[in-house]
Structures are given as structure tokens and as C-alpha cells.
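Student: Numbering (full-length UniProt numbering), first residue to last: 1 to 143.
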């Protein structure tokens, strides 16, 4: 993998933060409802949860193909990919995440799209060739 500019390093760090919180919020929500029958995949477990609510300090609201979470000032909105995973993200998810949680970064949507293209070219991000998932980007393992 090629080396990164300072801006690319910052964006990559925020992508890791986004994926970390997405995983933490989704697994917290799943763990809060242990009555789901065994063997149900995580996304289907989430479907058994009320469309909006609160678990301890975590507020959530399902929408369309995803969910918006809020906890202690952190706001994160995500969509589930066609496999029910929440580790993928579209540029607009990250743009929203940054403008809400890290407004001082000051990257425009166009700048962010350029950084995404560069991170793909440098193999720090990748996309999959799956129907309905073309807009999602994923961190290249190991992350």
C-alpha cells in the first residue's frame, strides 16, 4: 500500500472511528435484546427491535436500509449492505459523520470523494462487485 498524505491519514482515521462506532452501536443494540432466537443473523435480530428507542445511553432510530445512532454527542447514521453487514459506508455517511462529529476538518463532499478515490487507488479502501452494494466502501483488512 502506498503512503498517505496528512489529509488521507486523517480521513482514514475517521473511517476507522466510524466503523468502530458502527460495530459498537449495532452489537450493543443486539446484545440488549437477548431474547432473539438462536441462529438468527444479526441484521434479522435488529429487525426484532422496536423501530426507535433507547438502550441505556444509546438512542437509535431505524430508517430505510439502516439506522441512526446517538450517544453522548456522537451521531452516526449507517446503512446495512446486502449481506446485512454494517462495516461498509458510502461517502455521504462519512460526510454526515464528519460534519456532525468533526466539523473542524472542513472537507467538502467533493474533497472527500477525491480522498476516497485516492484511498481506493492506494488500496486502503475497496469496493465489492455485489448487486445493491456498489456505493459501499470497506476498509482493507486488517483494520
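We put the beta carbon where it would ideally sit given N, CA and C, even for glycine.
Could you say which of 74, 100, 63 and 16 lies nearest to residue 57 if we only look at CA atoms?
Tutor: When only C-alpha atoms are compared, the closest one is 74.
Student: Under the rule that 16 or more other beta-carbon atoms within 10 Å means buried, what is residue 64, buried or exposed?
Tutor: So residue 64 ends up on the exposed side.
Student: Just tell me which of 107, 59 and 76 has its CA closest to the CA of residue 17.
Tutor: Checking every option, the nearest Cα to that of residue 17 belongs to 76.
Student: What is the DSSP secondary structure of residue 50, counted as helix, strand or coil?
Tutor: Of the three classes helix, strand and coil, the one that applies to residue 50 here is coil, per DSSP.
Student: Return the residue from the list 79, 80 and 25 that minimises the CA-CA distance to residue 53.
Tutor: Measuring from the Cα of residue 53, the nearest candidate turns out to be 25.
Student: Using a Cβ distance threshold of 8 angstroms, determine whether the stretch 93-103 contacts the stretch 121-130, with at least three qualifying pairs required.
Tutor: Too few Cβ pairs lie closer than 8 angstroms, so no.
Student: According to DSSP, is residue 80 part of a helix, a strand, or is it coil?
Tutor: Coil at residue 80, not helix or strand.
Student: Using CA atoms only, rank isn't needed, just tell me which of 32, 21, 29 and 138 is closest to residue 90.
Tutor: Of 32, 21, 29 and 138, the residue nearest in Cα terms is 138.
Student: Tell me the DSSP secondary structure of residue 20 in three-state form.
Tutor: Reduced to three states, the DSSP call for residue 20 is helix.
Student: As an exercise, report each continuous beta strand (DSSP E) stretch of at least 3 residues that is fully enclosed by the stretch 54-126, in chain order.
Tutor: Within the stretch 54-126, the complete beta strand (DSSP E) runs of at least 3 residues are 58-63, 66-71 and 74-79.
Student: Tell me, to the nearest whole angstrom, how far the beta carbon of residue 23 is from that of residue 87; I am working on the premise that it is less than 8 angstroms.
Tutor: With 8 angstroms as the limit, residue 23 and residue 87 qualify as a contact, their Cβ atoms being about 7 angstroms apart.
Student: Could you check what DSSP says for residue 4 in three-state terms: helix, strand or coil?
Tutor: In this structure, residue 4 counts as coil in the three-state DSSP scheme.
Student: By Cβ distance, which residues of its chain are closer than 7 angstroms to residue 130, with the 5 residues on each side in sequence left out?
Tutor: Around residue 130: 82.
Student: Name the DSSP bridge partner or partners of residue 138?
Tutor: For residue 138, which the question treats as bridged, DSSP gives the partners 126.
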